[in-house]
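**Student:** My structure is below; once you've seen it, I'll send some questions.
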Amino acid sequence: MSKGTNFTEYIPIPVQKSAILKGRGETWGEWFSQYKRHVKSRDLWEYLNPDAPTIYGLLGPAGEFKVTEDMVKIQLKAEKQQVFEEALKTWEALPTEQKVTTPRPTLGVPTEKEISDQYIAKVKTWKESSEKILDDQQVTNYNQISNWVNLSVDRALYDRACDAYESTPGGPTVQMIVKFLAKECAVTEHEREDNIRKRYRDHLALAIQRGTDRDAWLETYKGLYNKAMQHRIPEVQGSIGSSDFLEVLRAQYAPEWARSQLMAQATKATLGEKLTSLDDLIKIFSTLVAEENRLTSSGGRNATILT
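Numbering (our numbering), first residue to last: 65 to 371.
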């Protein structure tokens, strides 16, 4: 068992008011990075990592193991329901043409083997964790972390976290509380994708507004496009992404070029030919913008390639 850092006196951890955790959203990432840093600096990550198996006997004997196979079954059902709901949201957001080739998610049912294996694993974890009791110095360091968590989390949210583990033997520990906070406050993959989709759509719309700088818009757009591609959001997939991109450029940044590209895409679609991808259109447009800027710079006047 690793020993905690030798803090000779109680050192309170400062709490930044701007980083108070109030619920689901962007503050979770900032809060959790601070939590992780404080815990690791006190050599307690092994015990307080919320992604690790729950340690029940951290502050003393954990008591009797009270988990049943029925309880495990209920938990597995809830986990599978959550996975199904997330997968269904992602599927429903797909363009119609992708839904045809992508099977609709189905709700999984826990098998007897899954329930048995999970139960055995919980018994094993219980036995192992019951032996992980902190020494005196580690308890001092633990109390500092506990105090910081208490002060840095919205009171109502903190109370709900404690209530969730009130009947758990040995709880609620800091690890248990942070496990609860992670479920409540961490942004889900679906929410992250929704946020990326919204930022992408909002930025596309900026290209239509008069007075916006083309070059600055393009640089920001390329960053958002790359993020959107990483998460495979519908707005950058297939012909929809290409059409949306060209339509906003047609408004003011490159009216004639965008119009000619839209006509070329329509002709290719009619002839059954491969459409120019959004990625290629972005590269072509970026090259034309760079060349126009180069000519303007070298000629001392506004050169016009994109009209």
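Ideal Cβ placement from N, Cα and C applies to all residues, glycine included.
So, are the CB atoms of Trp95 and Val251 less than 8 Å apart?
**Tutor:** Taking 8 Å as the Cβ cut-off, Trp95 and Val251 do not qualify as a contacting pair.
**Student:** Please classify Ser105: is it buried, with 16 or more other beta-carbons within 10 angstroms of its beta-carbon, or exposed?
**Tutor:** By the neighbour-count rule (16 or more Cβ atoms within 10 Å), Ser105 is not buried but exposed.
**Student:** Suppose you measure from the CA of Tyr74 to the CA of Thr204; what does that come to, to the nearest Å?
**Tutor:** In this prediction, Tyr74 has a pLDDT of 45, which is less than 50 and means its spatial position is unreliable; what the coordinates show is noted afterwards. Their Cα atoms are separated by approximately 7 Å.
**Student:** DSSP on Thr72, reduced to helix/strand/coil?
**Tutor:** Confidence in Thr72 is poor, its pLDDT being 37 and thus under 50, which makes the residue's placement too unreliable to answer from.
**Student:** To the nearest angstrom, how far is it from the Cα of Asp308 to the Cα of Asn357?
**Tutor:** Roughly 24 Å separates the two Cα atoms.
**Student:** For a minimum of 4 consecutive residues, which ranges assigned as the alpha helix (DSSP H) are wholly contained in the stretch 209-262?
**Tutor:** Listed in chain order, they are 219-228, 238-249.
**Student:** Going by the DSSP bridge assignment, what does Leu85 pair with across the sheet?
**Tutor:** Note: Leu85 sits in a beta bridge opposite Val217.
**Student:** Where does Lys347 fall in DSSP's three states?
**Tutor:** Residue state, collapsed to three classes: helix.
**Student:** Going by other Cβ atoms of all chains shown within 10 Å of its Cβ, with 16 needed for buried, is Ala322 buried or exposed?
**Tutor:** Buried, by the Cβ-count rule.
**Student:** Please go through the same chain and pick out, in chain order, the residues whose beta-carbon is closer than 8 Å to the beta-carbon of Ile184, but skip the five residues on each side of it.
**Tutor:** Contacts found: none.
**Student:** Would you call the stretch 243-259 and the stretch 277-287 in contact, with 3 or more CB pairs under 8 Å?
**Tutor:** No, they do not touch.
**Student:** So, with DSSP's three-state summary, where would you put Asn113?
**Tutor:** Here Asn113 sits in coil by DSSP.
**Student:** Measure the alpha-carbon distance for Leu112 versus Arg263 and round it to whole angstroms.
**Tutor:** C-alpha separation (whole angstroms): 35 Å.
**Student:** Once DSSP output is grouped into helix, strand and coil, what is the label at Glu299?
**Tutor:** Looking at Glu299 - three-state DSSP - the assignment turns out to be helix.
**Student:** Can you tell me whether Gln316 is helix, strand or coil according to DSSP?
**Tutor:** Residue state, collapsed to three classes: coil.
**Student:** On the premise that Lys141 lies in contact with Pro174, defined as a C-beta separation below 8 Å, what is that separation, rounded to the nearest angstrom?
**Tutor:** Confirmed, about 6 Å.
**Student:** For Leu310, collect the residues of the same chain with a Cβ closer than 6 Å to its Cβ; drop the 5 residues on either side in sequence, then sort them by chain order.
**Tutor:** Cβ within range, chain order: Ala322, Gln325, Leu326.
**Student:** For Ile272, which residues in the same chain have their Cβ closer than 8 Å to its Cβ, ignoring the five residues on either side in sequence?
**Tutor:** So the qualifying residues of the chain are Val312, Ala315, Gln316.
**Student:** Within the continuous alpha helix (DSSP H) that includes Lys286, where are the two ends?
**Tutor:** Element bounds for Lys286: 278-294.
**Student:** I'd like the list of long-range same chain contacts for Lys163, defined as Cβ closer than 8 Å, with 5 residues on each side in sequence excluded.
**Tutor:** Excluding positions up to five away in sequence, the list reads Trp155.
**Student:** Where does Glu149 fall in DSSP's three states?
**Tutor:** In this structure, Glu149 counts as helix in the three-state DSSP scheme.
**Student:** Rounded to the nearest angstrom, what separates Lys347 and Ser303 at their Cα positions?
**Tutor:** Spanning the two alpha carbons is a distance of roughly 16 Å.
**Student:** Heavy atom of the ligand ADP less than 7 Å from the Cβ of Lys141, yes or no?
**Tutor:** For the structure depicted, the ligand ADP is absent and the ligand set is empty, with no information on it obtainable.
**Student:** Tell me the rounded alpha-carbon separation between Ala126 and Val238.
**Tutor:** Unreliable positioning characterises Ala126 in this predicted model, as indicated by a pLDDT of 48, which lies under 50. The coordinate reading is nonetheless provided below. When rounded, the distance between both Cα atoms is 15 Å.
**Student:** Secondary structure at Lys186, three-state DSSP: helix, strand or coil?
**Tutor:** Helix, per DSSP.
**Student:** On the premise that Glu253 lies in contact with Glu150, defined as a C-beta separation below 8 Å, what is that separation, rounded to the nearest angstrom?
**Tutor:** Glu150 to Glu253, Cβ: 7 Å. Contact.
**Student:** Taking the alpha carbon of Val353 as the reference point, which residue from Asp277, Lys332, Thr334 has its own alpha carbon closest?
**Tutor:** Ranking the options by Cα distance to Val353, first place goes to Asp277.
**Student:** Quick one, which of Gln301, Ser362, Ala330, Thr331 has its alpha-carbon nearest Thr160's?
**Tutor:** Out of Gln301, Ser362, Ala330, Thr331, Gln301 has the C-alpha closest to the C-alpha of Thr160.
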